[in-house]
Amino acid sequence: MLGGILALLAAALFGLNNAATRRGVLTGTALQGMSISVPVGLPLFFIAALATGSAADIFHFPASSVLLLVTAGVAHFIWGRFCNYQALQSMGGNLVGPVQQVSLLISLALAIIFLGEVLTPLRIIGIILIFIGPLVMLRSRKAQVEPKATPKFEPNYARGFTFAALSALGYGSSAVLIRGAVIDVSFGASLAGGVIAYGAATLVLLPVLFYPRFTREILSMNRATAKWFTLSGFVVCTSQILRFMALTIAPVAVVAPIQQTTTIWRMIFGWFLNRDHEDFSSWVLAGIGVSLLGALTLTLSTEFVITNVPLPDLLISIARWQWP
Numbered sequence: 003m004l005g006g007i008l009a010l011l012a013a014a015l016f017g018l019n020n021a022a023t024r025r026g027v028l029t030g031t032a033l034q035g036m037s038i039s040v041p042v043g044l045p046l047f048f049i050a051a052l053a054t055g056s057a058a059d060i061f062h063f064p065a066s067s068v069l070l071l072v073t074a075g076v077a078h079f080i081w082g083r084f085c086n087y088q089a090l091q092s093m094g095g096n097l098v099g100p101v102q103q104v105s106l107l108i109s110l111a112l113a114i115i116f117l118g119e120v121l122t123p124l125r126i127i128g129i130i131l132i133f134i135g136p137l138v139m140l141r142s143r144k145a146q147v148e149p150k151a152t153p154k155f156e157p158n159y160a161r162g163f164t165f166a167a168l169s170a171l172g173y174g175s176s177a178v179l180i181r182g183a184v185i186d187v188s189f190g191a192s193l194a195g196g197v198i199a200y201g202a203a204t205l206v207l208l209p210v211l212f213y214p215r216f217t218r219e220i221l222s223m224n225r226a227t228a229k230w231f232t233l234s235g236f237v238v239c240t241s242q243i244l245r246f247m248a249l250t251i252a253p254v255a256v257v258a259p260i261q262q263t264t265t266i267w268r269m270i271f272g273w274f275l276n277r278d279h280e281d282f283s284s285w286v287l288a289g290i291g292v293s294l295l296g297a298l299t300l301t302l303s304t305e306f307v308i309t310n311v312p313l314p315d316l317l318i319s320i321a322r323w324q325w326p
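Residue numbers (my numbering): 3 to 326.
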């Protein structure tokens, strides 16, 4: 019960993070956002590691795990986050969300290759639904070809879809890298691993921040923009910590489906914070629903479905097929 509550809180905070970031990039840049949100995560994760008595575990990871965590930190907090900010700036959170569900497919592919996961008919259905989601959303673009009034928000689909897909590459690969690094460690040690990942990302970002042209860009940020990016940084790091806590006391089969409700929370917070800067058309909402259904399907266990859904023997035998 507690694990499910923590997972739901984490998902809600992820949604709030996307809405706050969207508000920030309306007047700021991706680099301005990262100059706040990435360094903020390092002390927060370190405090969490101290609170669990696991700060010393930072120095106990083997070299192979450190390499995985460093790579994951750069992939997620530098590559993924920068591309996510660019995507949010281009077409808003509602349009970005279904495209970023592709990160689940990337995680699954890497898990099959490196962690011994398998492909099942249920997962194939989920993959198909995730790909259909963005295609459904494109109907919204066609519906706006002959508008009678100037819309409040004009998405840049080409730029937004490109950066959303690139961010999915970073987010999807980092999940497998982190899993490979902390697969045999305790809850507290996993938070120590988060310190390593955030630390690596911060070290990569610092030289960029001190480059004169980029320093001027960061210093030109106004107070309102800084406020939204600061909120985003604290919220996303807190959600990551809650996610780690949830996974220590609840199985992935419980936590992962709940985490996919981030798409719903993104819409809820977007409605209150960014109503004039998001696309809430029926086709976009339908695309979000289809991709969310696909994401949830990917997280379902075949045995769970067979046990809880009455199926004929033929479908049961098909459902149990695995590859490789």
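Just so you know, even glycine gets a beta-carbon here, dropped at the ideal spot from N, CA and C.
On a predicted model such as this, the values are computed, not experimentally measured, just so you know.
query: Proximity below 9 Å, CB of ALA12 to CB of GLN324; result: no
query: Pick from LEU44, ALA50, PRO64 and ASN20 that is closest to MET247, judged by C-alpha positions; result: ALA50
query: Every unbroken alpha helix (DSSP H) inside the stretch 60 to 126 [4 residues or more]; result: 65 to 75, 83 to 102 and 104 to 116
query: Simplified DSSP state of TRP325, which is helix, strand or coil; result: strand
query: Pairwise C-alpha distance: ASN276 and VAL197; result: 32 Å
query: Beta carbon of GLY195 nearer than 9 Å to that of VAL184; result: yes
query: Environment of VAL101 [buried if 16+ CB atoms lie within 10 Å]; result: buried
query: Cutoff 6 Å; reference VAL104; Cβ partners in own chain excluding five residues on either side; result: ALA170
query: First and last residue of the uninterrupted alpha helix (DSSP H) at LEU193; result: 189 to 211
query: At least 3 beta-carbon pairs within less than 8 Å: the stretch 289 to 302 vs the stretch 39 to 56; result: no
query: Span of the alpha helix (DSSP H), counted from its first residue to its last, around ILE49; result: 32 to 53
query: PRO312 in three-state terms, based on DSSP; result: coil
query: Three-way DSSP call (helix, strand, coil) for ILE132 in this model; result: helix
query: For LEU15 and VAL237, the rounded distance between their alpha carbons; result: 6 Å
query: Buried or exposed by the 16-neighbour rule on C-beta atoms within 10 Å, applied to ILE180; result: buried
query: LYS150 in three-state terms, based on DSSP; result: Any reading at LYS150 is ruled out, since the residue's pLDDT is 49, under 50, leaving its predicted position unreliable.
query: Contact between the stretch 108 to 117 and the stretch 302 to 310 (3+ Cβ pairs under 8 Å); result: no
query: Segment contact, 8 Å Cβ cut-off, at least three pairs: the stretch 156 to 170 with the stretch 64 to 77; result: no
query: Local conformation of PRO214 per DSSP, three classes; result: helix
query: Alpha carbon of ASN188 to alpha carbon of ALA199, nearest angstrom; result: Note on identity: in this sequence residue 188 is Ser, with Asn being the wrong assignment. Those two C-alpha atoms are separated by around 17 Å.
query: Three-state class that DSSP yields for SER303 in the structure shown; result: coil
query: First and last residue of the uninterrupted alpha helix (DSSP H) at ALA268; result: Checking the sequence shown, residue 268 turns out to be Arg, not Ala. Residues 264 to 275.
query: Backbone CA spacing between LEU77 and VAL27 [nearest angstrom]; result: Checking the sequence shown, residue 77 turns out to be Ala, not Leu. Each residue's Cα considered, the two are about 21 Å apart.
query: Residues near LEU121 by beta carbon distance below 8 Å, same chain, minus five either side; result: LEU110, ILE114, GLN324, TRP325 and PRO326
query: Assigned exposure category for TRP273 - 16 Cβ within 10 Å defines buried; result: exposed
query: Beta-carbon spacing of ILE290, ASN96 below 9 Å; result: yes
query: Cβ shell of ALA226 (< 7 Å), same chain only, five flanking positions each side left out; result: THR29
query: CB-CB length for MET139 against TRP285, believed under 8 Å; result: 6 Å
query: For PHE246, three-class secondary structure by DSSP; result: helix
query: Nearest neighbour of ALA288, chosen from ARG161, ILE320, PRO136 and PRO157 [CA to CA]; result: PRO136
query: Straight-line Cα distance separating PHE271 from ALA21; result: 6 Å
query: Extent of the continuous alpha helix (DSSP H) to which SER169 belongs; result: 159 to 184
query: Collapsed DSSP secondary structure at GLU219 in the structure displayed; result: helix
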